[in-house]
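In this note's numbering, the protein residues as written are 824 to 966.
So, in structure tokens, the structure goes:
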């Protein structure tokens, strides 16, 4: 796919960049979406209203993330820690995301751990953990 195919996903650029940095040399693809196998499984190990528990397939992930920038604008991502096991076939990434909630202007600060399985230089399985309380507070204006 070309970069034009990912238009509208720019709000996630800090996320894409921190993941690409963490997986450098382990996956192939110019854009984050290019690194994902067609039938990859994504597990979201948190319960958040309107967010699926699992999805299968790169196209479904792209569709899921399409509306992200309508509610959250990411500013940066940092705090990257990379753990590589099983000869680089499993990678654990810790990282922080910083941005704002567009409807309120409130800051959005969150921490993630992603456990990623790689086969043939493509992501085949992604298990995601986040601070769902931080997300809930940011989206609901709670402190």
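No residue lacks a Cβ here, since even glycine has one placed at the ideal position from N, Cα and C.
Compute the beta-carbon to beta-carbon distance between residue i and residue j, rounded to the nearest angstrom, for a pair I have assumed lies under 8 Å.
i, j, result
"residue 837", "residue 899", "5 Å"
"residue 845", "residue 884", "Contact flag wrong, Cβ pair sits at about 17 Å."
"residue 961", "residue 929", "6 Å"
"residue 911", "residue 864", "That belief does not hold up - the Cβ atoms of residue 911 and residue 864 are roughly 19 Å apart, past 8 Å."
In the structure shown, what three-state DSSP assignment does residue i receive?
i, result
"residue 838", "helix"
"residue 909", "helix"
"residue 902", "strand"
"residue 954", "coil"
Based on the DSSP secondary-structure assignment, which residues constitute the bridge partners of residue i?
i, result
"residue 918", "935"
"residue 867", "951"
"residue 877", "866"
Ignore the nearest five residues each way along the sequence and tell me which others in residue i's own chain have a CB closer than 8 Å to its CB.
i, result
"residue 831", "889 and 892"
"residue 913", "907, 938, 939, 940 and 941"
Just mark residue i as buried or exposed, buried being the case when its beta carbon has 16 or more other beta carbons within 10 Å.
i, result
"residue 879", "exposed"
"residue 886", "exposed"
"residue 881", "buried"
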